[in-house]
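Here the structure comes first, spelled out in structure tokens, and everything after it is commentary.
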Amino acid sequence: MEIIDISRDLLKTPVYPGDPEGYIDPIQSVRAGDACNLNSVYTCLHAATHIDAPRHFIDGGKTIDQFPQDVFIGECAVVEAPPGPITGAFAEDNFPWQDCERLLIKGSGLAYFMESSAYYIVDSGVKLLGTDSQTIGNSSSNSVIHKAILGADIPIIEGLDLSNVEPGRYFLMAQPLKVSGVEAAPCRAVLVKDHLFWTGR
Numbered sequence: 033m034e035i036i037d038i039s040r041d042l043l044k045t046p047v048y049p050g051d052p053e054g055y056i057d058p059i060q061s062v063r064a065g066d067a068c069n070l071n072s073v074y075t076c077l078h079a080a081t082h083i084d085a086p087r088h089f090i091d092g093g094k095t096i097d098q099f100p101q102d103v104f105i106g107e108c109a110v111v112e113a114p115p116g117p118i119t120g121a122f123a124e125d126n127f128p129w130q131d132c133e134r135l136l137i138k139g140s141g142l143a144y145f146m147e148s149s150a151y152y153i154v155d156s157g158v159k160l161l162g163t164d165s166q167t168i169g170n171s172s173s174n175s176v177i178h179k180a181i182l183g184a185d186i187p188i189i190e191g192l193d194l195s196n197v198e199p200g201r202y203f204l205m206a207q208p209l210k211v212s213g214v215e216a217a218p219c220r221a222v223l224v225k226d227h228l229f230w231t232g233r
């Protein structure tokens with residue numbers, strides 16, 4: 033069984049432009065004479081590898097804790113897309129619509145959805161969408177793309193590290209941190225490649 037970590041480091045990954053930088057706040061230190069080492073962490077909920085819930089763009093939308101865990105755990109497909117816009121035509125020709133509930137896009141951190149491909153996702157039966165880009169859209173369409181996908185109650189994993197992943201089928205485990213009432217949460221995402229899940233045939 034091969035386990036591939038597809039998460040980025042919470043504090044070492046560059047933040048999305050305008051988001052606050054995260055940091056460790058040391059509280060106690062054995063070296064300083066305290067009984068134990070104790071740290072707190074400050075981070076934006078959208079730092080590094082994280083999952084957006086509908087509440088991120090939709091007032092009154094589901095929060096991250098309101099999704100069942102089986103949304104984030106199960107078989108998935110990794111599809112490679114060229115850097116730049118993912119069009120509806122590309123989605124129609126390349127996305128595995130049958131029996132694909134979790135779709136991860138490998139685009140060198142530079143692929144982004146157009147409105148046409150976002151609505152293909154909404155109509156496809158996918159219940160979890162992921163990308164190795166910092167965000168699912170681009171600067172001009174980000175709000176529209178998020179609203180289209182999140183409005184269909186499809187959570188979005190952003191900031192994946194798929195650099196060492198070949199396109200294909202895997203078993204995904206990408207549970208968000210359990211934080212009640214918020215629009216997003218960091219996650220530790222891994223792929224499992226095993227004959228039980230995917231043989232490559």
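The working numbering puts the first residue of the sequence shown at 33, with every later residue one more than the last. Just so it is clear, CB atoms sit at the ideal spot from N, CA and C, and this is done for glycine as well.
Nearest to residue i by CA position, among the options, is which residue?
i: L77; options: F122, P115, L43, A121; result: L43
i: D84; options: I181, D226, Q101, E124; result: I181
i: E133; options: V103, E112, F145, H82; result: V103
i: Y48; options: F89, T167, K179, A67; result: T167
i: F99; options: Y151, L160, V222; result: L160
i: T45; options: G92, S212, D193; result: D193
i: W129; options: G139, C108, T119; result: C108
i: D97; options: V158, V111, S212, H178; result: S212
i: L223; options: L204, M33, S175; result: L204
i: V154; options: H82, H178, V111; result: H178
i: D51; options: C219, H82, T75, I90; result: T75
i: Y202; options: G169, V110, D91; result: V110
i: D91; options: G200, D226, L135, V214; result: V214
i: E124; options: G141, F145, I105, G106; result: F145
i: S172; options: G106, Y151, E147; result: E147
i: D131; options: A113, K138, G106; result: G106
i: R40; options: S195, D226, K225; result: S195
i: R87; options: T95, T81, A80; result: T95
i: K138; options: A64, I189, A184; result: I189
i: N170; options: T81, F122, G141, M33; result: G141
Here's the rule: buried if 16 or more other CB atoms are within 10 angstroms of the residue's CB, otherwise exposed. What is residue i?
i: Y55; result: exposed
i: L70; result: exposed
i: G232; result: Reliability of the predicted coordinates at G232 is poor, the pLDDT of 47 falling under 50, and the value obtained from them is presented with this limitation in mind. So G232 ends up on the exposed side.
i: A143; result: buried
i: P208; result: buried
i: G162; result: buried
i: G191; result: buried
i: I186; result: buried
i: V73; result: exposed
i: D164; result: buried
i: P58; result: exposed
i: C219; result: buried
i: V62; result: exposed
Start and end of the alpha helix (DSSP H) containing residue i?
i: A150; result: 147-156
i: L182; result: 174-182
i: E124; result: 120-126
Would you mind reading off the limits of the beta strand (DSSP E) that contains residue i?
i: V224; result: 222-225
i: E198; result: Where E198 is concerned, there is no enclosing beta strand (DSSP E), given that its DSSP letter is neither H nor E.
i: P218; result: 216-218
i: R134; result: 134-138
i: G162; result: 160-163
i: D37; result: 34-37
i: I168; result: Here I168 belongs to no beta strand (DSSP E), and DSSP marks it neither H nor E.
i: I188; result: 188-190
Please check the pair residue i and residue j, which I expect to be a contact at CB under 8 Å, by giving their CB distance rounded to whole angstroms.
i: I118; j: S156; result: At roughly 13 Å, the Cβ-Cβ gap does not stay under 8 Å, so I118 and S156 are not in contact.
i: V176; j: I38; result: Wrong, their Cβ atoms sit about 27 Å apart, outside the cutoff.
i: Y152; j: F127; result: 7 Å
Exercise. Quick one: complete beta strand (DSSP E) runs, 3+ long, within the stretch 44-115?
Worked result: Secondary structure within the stretch 44-115: the beta strand (DSSP E) runs of 3 or more consecutive residues, fully enclosed, are 55-60, 70-74, 82-84, 105-112 (chain order).
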